[in-house]
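Reading through the structure tokens given below for one structure.
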């Protein structure tokens, strides 16, 4: 700041007013300061400014586990929303099973004194561990309730949309619906599997759960080897990657095509899903709306309004992998 002021031939207070945008400064003086800033390549210390003013421009984001396709979209959108407000996002990550790592990441974010904190997680235990240590307005992005009314939460609805997808398959005459389910401790995988089991019980169907190691297309491809020809008439994969991988395997091994020989459905609505053979039936999760809801929660809490729970509805997208398939 002193170097900028000296080069511009003004006081440090005047340079500060120009850089903060507060207080009157003549256009001639403002131009000199801005020229000095450009010449010196000066960049303000955001953290120091926040401490000095008592008003933070920072928002912390703690990412628990891997940032999946959809949540990555939501994160990018959230950053864009903050940028429009001249706020800056600082992120940290931690594995859900590493308690010390979770605390270290939270401590780091709290050390920069953010105006608010966002936790993106699919692991309930990790969130429960962090909750008692939150000291600023916070929003949890997780599709499961949390044992605290002191934080906001946003979720993408899971049960109704999974049920709608399974109902669609059932209405096509499918009675042997296999489910590719990640065998991992993540909320979305657990909720979709439990909803599938409930649906089977209510409709007197025999569950056929094929565990997979993760959410990848490679895992879906490997899992499809376990599906014997004639043992299923539909596949509900826990996400689109799994569905696309399974379809590739079944075509290669058995010459089975989705929409012709069996019905296929995924979850998420990847960009590639509409371009797969005939298009993939799926559930569209509205990740940009998730980012907007997180931002709105932060605004509300900073304005003194109580934390809330916001549920965003998903949308069933029916395409060629199931639309014209029939077992009637």
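Residue numbers (the UniProt record's numbering): 1 to 328. We put the CB at the ideal spot given by N, CA and C, even for glycine. All values reported here derive from a predicted model rather than from experimental measurement.
Please report how far the alpha carbon of residue i lies from the alpha carbon of residue j, in whole angstroms.
i, j, result
"residue 279", "residue 178", "19 Å"
"residue 327", "residue 199", "19 Å"
"residue 118", "residue 70", "16 Å"
"residue 256", "residue 203", "26 Å"
"residue 238", "residue 79", "28 Å"
"residue 286", "residue 166", "19 Å"
"residue 277", "residue 258", "8 Å"
"residue 75", "residue 317", "24 Å"
"residue 325", "residue 171", "10 Å"
"residue 159", "residue 73", "22 Å"
"residue 112", "residue 92", "12 Å"
"residue 40", "residue 142", "44 Å"
"residue 86", "residue 56", "11 Å"
"residue 174", "residue 234", "6 Å"
"residue 38", "residue 27", "16 Å"
"residue 132", "residue 115", "18 Å"
"residue 9", "residue 77", "41 Å"
"residue 332", "residue 270", "With the chain covering 1 to 328 only, the question about residue 332 has no answer from this structure."
"residue 297", "residue 303", "10 Å"
"residue 3", "residue 29", "15 Å"
"residue 248", "residue 266", "14 Å"
"residue 13", "residue 42", "16 Å"
Here's the rule I'm using: 16 or more other beta-carbon atoms within 10 Å means buried, otherwise exposed. How should residue i be labelled?
i, result
"residue 61", "buried"
"residue 31", "exposed"
"residue 192", "buried"
"residue 268", "buried"
"residue 299", "exposed"
"residue 23", "exposed"
"residue 107", "exposed"
"residue 97", "exposed"
"residue 230", "exposed"
"residue 201", "exposed"
Determine the contact status of residue i and residue j, defining contact as a CB-CB distance below 8 Å.
i, j, result
"residue 89", "residue 59", "yes"
"residue 185", "residue 211", "no"
"residue 220", "residue 196", "no"
"residue 110", "residue 148", "no"
"residue 94", "residue 105", "yes"
"residue 308", "residue 281", "no"
"residue 127", "residue 146", "yes"
"residue 305", "residue 274", "no"
"residue 187", "residue 225", "no"
"residue 263", "residue 169", "yes"
"residue 36", "residue 81", "no"
"residue 244", "residue 217", "yes"
Determine, using beta carbons only, whether residue i comes closer than 8 Å to chain B.
i, result
"residue 150", "The structure shown contains no chain B; it holds only a single protein chain."
Meets three-Cβ-pair contact criterion under 8 Å: the stretch 117 to 124 and the stretch 59 to 69: yes
Those runs of the alpha helix (DSSP H) which lie wholly inside the stretch 77 to 132 and span at least 4 residues: 99 to 111 and 124 to 130
The stretch 140 to 155 in contact with the stretch 292 to 309 per 3-pair CB rule at 8 Å: yes
Cβ contact (3+ pairs, closer than 8 Å) linking the stretch 308 to 315 and the stretch 241 to 257: By the C-beta criterion, the stretch 308 to 315 is judged not to be in contact with the stretch 241 to 257, since fewer than 3 inter-stretch pairs fall below 8 Å.
Start-end ranges of the alpha helix (DSSP H) lying completely within the stretch 201 to 283, minimum 4 residues: 217 to 224 and 240 to 254
Whole alpha helix (DSSP H) elements within the stretch 146 to 181, 4-residue minimum: Those alpha helix (DSSP H) runs which fall completely within the stretch 146 to 181 and span 4+ residues are 159 to 171.
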